[in-house]
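**Student:** Numbering (the numbering used here), first residue to last: 3 to 396.
Mind looking over this structure? Questions follow.
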C-alpha cells in the first residue's frame, strides 16, 4: 500500500517546488532495491546474535524499523544502548547527533555504527561550535555573559553539548525543556534582574516553551542570527532579552503552516490538531495539543475510536500511527508530502551493508566522540538526567 492510498492527504497530493529549494516531494518512498535484502538483513542479524543491538528512531522508514530491537526518540535510544553493555555493536538507525549521544553514554568496549554517515540533521548543523563561541564572546562584550546559561536541545552535535558542559549549561529534550529552562534560570536567580538563557539550535522549541509554558512574552525573546554580525542584535537588545534564541529550525516541522490548520478545520470540523513543539509559534497557537514524539504517540493510543486527528510531525511516524490505529481517522498536517530527507538516508541497503560487514569482522562508519568532548558533553547530559520529572524522555 502506498502513502497516497492512506487517508493522510485530505488537502490533496501535490508538489511545491518552492517549499524546499525546488525539491519535488512526490510522497512515496522508493521500494527496496532488492527483495533479497530483507532476508539478508535477517540472516546477518541472527548471525550476530546478542553482539549487536539495533536502535530505530521513530522517523525511520518501515523497511528499516522492522529490524530494530527497540524504537523510540533519540535520547531514549541512547540510554537503551547504555543498558545493553553485553552488545559489542550498537547500530543506530537515526542521524549523526543521535549516534554521538549513544557513543557518549555507552561503554568504551562498545562500538556505535551509523549505517550512512550522510544521515545528518539540518537543525543540528545550524549551530556549529565556532558560531556558538563567537556568540558567547559577543555576550561577554555586551557585559551580559555572566548572566547567561547556555541550553542546547538534544538535536545538536556532541561538541555543542560539550560547550554547555564547560559553561554551566545543560541539555534538554522536547519533553523536559520547561524543567531544564527552570533549572537554568535558577542558576542565576541571585543576580539582580535574574538570568538569561542562550537556547540553541531550535528557536521554536525555546520560544514555545518560554512563552506558552513559563509565562514569558514574545518581547522577552530575541533571535540570534549566526549569519549576521553580532547576531543581528544590538547590545541593548541583548541586555533587555530574557531568552536569546538561536536562529535554527527543523526542516520537517518548519513546513507546517497555520493556513493548513485553518483549512483542515474548515474541511473536517471535529478534527483535533496535534503537533510537535518544534513547529512554529503560529502553528502551535492554533493546535489543540502540543508535545514530544512520545506524547504524540501516547495521545493517539489513548484517543477514543472514531476520533479525528491531524498530526504535525514526520510522515513516517504519522503513517505508522495511521496503520496501527485504523479505528481512528489520522491525517497529515501538510498539503504536500515530504519525509525527513536525512533520516531516510538510512535505508535497507545501508543497513544490510553495515550488518554484513560486522558479520565479517569489519566495523564500518563507527561514530567515535573524542575523550575531551565526551567528558564535557557528559557533564551537560548528567545535569539533564539529574533534573526532576521526565528527564529520560524525548
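Each residue gets a CB set at the ideal place from its N, CA and C atoms; glycine is no exception.
From residue 23 to residue 181, what does the alpha carbon distance come to, in whole angstroms?
**Tutor:** Because the pLDDT of residue 23 is 34, which lies under 50, any placement of that residue in the model is unreliable, and the number read from its coordinates should be weighed accordingly. In a straight line, the C-alpha of residue 23 is about 36 Å away from that of residue 181.
**Student:** For residue 245, which residues does DSSP report across the bridge?
**Tutor:** 199 and 223
**Student:** So for residue 59, helix, strand or coil by DSSP?
**Tutor:** strand
**Student:** What residue does the beta strand (DSSP E) around residue 133 start on, and which one ends it?
**Tutor:** No beta strand (DSSP E) contains residue 133, which is instead part of the alpha helix (DSSP H) from 131 to 143.
**Student:** Less than 8 Å between the beta carbons of residue 270 and residue 211, yes or no?
**Tutor:** In this structure, the beta-carbon distance from residue 270 to residue 211 does not fall below 8 Å.
**Student:** Determine whether the beta carbon atoms of residue 53 and residue 89 lie at a separation below 8 Å.
**Tutor:** yes
**Student:** Please say whether residue 208 and residue 245 have beta carbons closer to each other than 8 Å?
**Tutor:** yes
**Student:** Decide if residue 101 is buried, meaning its Cβ has at least 16 other Cβ atoms within 10 Å, or exposed.
**Tutor:** buried
**Student:** Just mark residue 74 as buried or exposed, buried being the case when its beta carbon has 16 or more other beta carbons within 10 Å.
**Tutor:** Under this definition residue 74 is a buried residue.
**Student:** Going by DSSP, which residues form a beta bridge with residue 331?
**Tutor:** 310
**Student:** Along the chain, where does the beta strand (DSSP E) that runs through residue 174 open and close?
**Tutor:** 172 to 174
**Student:** Please report how far the alpha carbon of residue 70 lies from the alpha carbon of residue 200, in whole angstroms.
**Tutor:** When rounded, the distance between both Cα atoms is 36 Å.
**Student:** Around the Cβ of residue 290, are there at least 16 other Cβ atoms within 10 angstroms (buried) or fewer (exposed)?
**Tutor:** exposed
**Student:** Could you check what DSSP says for residue 231 in three-state terms: helix, strand or coil?
**Tutor:** Three-state result, residue 231: helix.
**Student:** According to DSSP, simplified to helix, strand and coil, what is residue 3?
**Tutor:** At residue 3 the pLDDT is 35, less than 50, meaning the model places this residue with poor confidence; the figure from the coordinates comes in the next sentence. Residue 3 falls in the coil class under three-state DSSP.
**Student:** Given a threshold of 16 other Cβ atoms within 10 Å of its Cβ, counted over all protein chains shown, does residue 219 qualify as buried or as exposed?
**Tutor:** Exposed is the label assigned to residue 219, since fewer than 16 other Cβ atoms lie within 10 Å of its Cβ.
**Student:** Helix, strand or coil: which one does DSSP assign to residue 94?
**Tutor:** In the three-state scheme derived from DSSP, where H, G and I count as helix and E and B as strand, residue 94 is classed as strand.
**Student:** Please look up how many angstroms separate the CB atoms of residue 204 and residue 174, rounded, as I've assumed it's under 8 Å.
**Tutor:** With a Cβ gap of about 10 Å, residue 204 and residue 174 do not count as contacting.
**Student:** Apart from the five residues just before and just after residue 66, which ones in its own chain have a Cβ nearer than 8 Å to its Cβ?
**Tutor:** 58, 95, 348, 349, 350 and 353
**Student:** If I measure Cβ to Cβ from residue 237 and keep anything under 6 Å in the same chain, skipping five residues before and after, which residues do I get?
**Tutor:** 144
**Student:** Around the Cβ of residue 325, are there at least 16 other Cβ atoms within 10 angstroms (buried) or fewer (exposed)?
**Tutor:** exposed
**Student:** State the start and end residues of the unbroken beta strand (DSSP E) segment that holds residue 73.
**Tutor:** 72 to 74
**Student:** Since residue 72 and residue 368 are thought to touch, with beta carbons under 8 Å apart, how far apart are those beta carbons, to the nearest angstrom?
**Tutor:** Actually they are not in contact, since the Cβ atoms of residue 72 and residue 368 sit about 20 Å apart, beyond 8 Å.
**Student:** Smallest Cα separation from residue 87: which of 232, 108 and 355?
**Tutor:** 108
**Student:** Hey, could you find the ends of the alpha helix (DSSP H) residue 360 is sitting in?
**Tutor:** 350 to 361
**Student:** Please tell me whether residue 128 and residue 250 are closer than 8 Å, where the distance is taken between their beta carbons.
**Tutor:** Yes, the Cβ-Cβ distance between residue 128 and residue 250 is below 8 Å.
**Student:** Would you call the CB atoms of residue 131 and residue 92 closer than 8 Å?
**Tutor:** no
**Student:** Just reading off the beta strand (DSSP E) that residue 39 is part of, what are its end residues?
**Tutor:** Not the beta strand (DSSP E): residue 39 falls in the alpha helix (DSSP H), residues 38 to 50.
**Student:** Excluding the 5 residues flanking residue 105 on each side, which residues of the same chain have their C-beta closer than 7 Å to its C-beta?
**Tutor:** 114, 369, 370 and 371
**Student:** Using the rule of at least 16 other Cβ atoms within 10 Å of the residue's Cβ for burial, across every protein chain shown, is residue 284 buried or exposed?
**Tutor:** exposed
**Student:** For residue 314 and residue 247, I'd like the C-alpha separation in whole angstroms.
**Tutor:** 22 Å
**Student:** May I ask you to report which of helix, strand or coil DSSP gives residue 260?
**Tutor:** helix
**Student:** Quick check: what's the CA-CA separation for residue 384 versus residue 232?
**Tutor:** Approximately 31 Å between the Cα atoms of the pair.
**Student:** Rounded to a whole number of angstroms, what is the C-alpha to C-alpha distance between residue 323 and residue 239?
**Tutor:** Roughly 44 Å between the two C-alpha positions.
**Student:** Check whether the Cβ atoms of residue 134 and residue 202 lie closer than 8 Å to each other.
**Tutor:** yes
**Student:** Could you check the C-alpha separation between residue 50 and residue 358 for me, to the nearest Å?
**Tutor:** Those two C-alpha atoms are separated by around 9 Å.
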